[in-house]
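According to mature numbering (1 follows the signal peptide of the UniProt record, and there is no 0), the stretch in the sequence shown is residues -22 to -1, 1 to 214, in order.
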Amino acid sequence: MLQFFTFATSLLAISNFNLVLSEDRNQCVINAENECVFQSIYVAANKDEKQNLQTPASSNTSTIKFISSAIDFVTPTLLRSVNRVRALDLSGVKLKGLHHDALQNFEVLEDVDLSNNVLVELPQGVFSDVNQLRNLDISHNNLRHLEGHVFENCPELRRLELYGNSIAEISREHFRIPRELDYLSLGDNRIERLNSGTFRLLANLTVLGLRENFLRELGHDVFHGLVSLEQLDWTI
């Protein structure tokens, strides 16, 4: 039978990098082999572009969540030692930028939350190593433009949240590879035009959100190919 114990240590100093564990949120599960397995670790990381994040060697971490508001930029080294996690939550940390190799070798990563930050761009190649990514939330940022092939290495992507940005243009090049998309939220942006065939490759899409944009022009077959669509939010 599993027993639950609160992780008692609140501060781990690792290579001069502070990893702060919240006592009331972190619990380890003692399994049949008497191993302490962390299903989720909540950490607050200080801004330090030269150090990397580490977790206790005995943990089997599946989720990393940052609760600090001091992470301006994610470098290639910051997350290198935790690249076996399946979920990464960087929401609400006032994040301004990501290095294009920030998620290098995250081969099992399935969920990424970058919402409620101040990102103005996504560098080309930032998702090139996360080909198991299924859920990506970049809502409520300051994105103005998306590189044409930014999602090209995400064939398993199912849910994409881009609500609440300043994106002015969307094209079918953005969805050339993630054809398994089931949910796409593009609401509350600055999109004025949707060209013909924009969603042509998204045969599995069931929910499309376009509310609160500045749409003035639609291509004649803009929704062609959306054979599975069940919900279209067009509210102005």
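Idealized CB from N, CA, C, for every residue including glycine.
1. May I have the straight-line CA-CA distance separating R154 from A80, to the nearest angstrom?
2. From E195 to T176, what does the alpha carbon distance come to, in whole angstroms?
3. Take V52 as the anchor and find which of N109, V71, F192, L193 has the nearest alpha-carbon.
4. Please look up how many angstroms separate the CB atoms of A181 and S149, rounded, as I've assumed it's under 8 Å.
5. Assign S149 to one of three DSSP states: helix, strand, or coil.
6. Under the rule that 16 or more other beta-carbon atoms within 10 Å means buried, what is L73, buried or exposed?
7. Could you name the residues of the same chain whose beta carbon sits closer than 6 Å to that of V185, not counting the 5 residues immediately before and after it, in chain order?
8. Just list the residues that DSSP pairs residue 262 with in beta bridges.
9. Taking a contact to mean a Cβ-Cβ separation below 8 Å, would you say L87 touches L111 in this structure?
10. Please list, in chain order, all residues of the same chain as I42 whose beta carbon is under 6 Å from its beta carbon, the five residues on each side excluded.
11. In the DSSP assignment, the beta strand (DSSP E) including S163 goes from what residue to what residue?
12. Quick check on the DSSP output: the beta strand (DSSP E) that includes Q209 runs from which residue to which?
13. Are K107 and E85 close, meaning C-beta to C-beta below 8 Å?
14. Beta-carbon separation of P133 and N109 under 8 Å?
15. Does the Cβ-Cβ distance between L172 and V128 come in under 8 Å?
16. If you check the beta carbons only, do L159 and R122 fall under 8 Å apart?
17. Can you give me the Cβ contacts of Y141 inside the same chain, cut-off strictly under 6 Å, excluding the 5 residues immediately before and after it?
18. DSSP on residue 264, reduced to helix/strand/coil?
19. Residue range of the beta strand (DSSP E) that R157 falls in?
20. Going by the DSSP bridge assignment, what does R137 pair with across the sheet?
21. Reducing DSSP to helix, strand and coil, say where E1 ends up.
22. Around the C-beta of H198, are 16 or more other C-beta atoms found within 10 angstroms, so that it is buried, or is it exposed?
Put simply:
1. 23 Å
2. 13 Å
3. V71
4. Actually they do not touch by this definition, with Cβ atoms about 18 Å apart.
5. coil
6. buried
7. Y161, Q209
8. What is shown of the chain runs -22 to 214, which leaves residue 262 out entirely.
9. yes
10. V60, V63, L66
11. Counting along the chain, the unbroken beta strand (DSSP E) around S163 starts and ends at 161 to 163.
12. 209 to 211
13. Before going on, a small fix: residue 107 reads as Asp here, not Lys. A contact, by the Cβ cut-off of 8 Å.
14. yes
15. Not a contact, by the Cβ cut-off of 8 Å.
16. no
17. Only residues of its own chain outside the window of five on either side were considered, and among them S117, S163, G165, D166 have a CB closer than 6 Å to the CB of Y141, listed in chain order.
18. Because residue 264 is not part of the residues shown, which for the chain are -22 to 214, the question remains open.
19. Element bounds for R157: n/a, residue is neither H nor E.
20. N113, Y161
21. The pLDDT assigned to E1 is 38, lower than 50, so where the model puts this residue is not dependable; a value taken from the coordinates is nonetheless given after this. Per DSSP, reduced to three states, the secondary structure at E1 is coil, with no helix or strand assignment.
22. exposed
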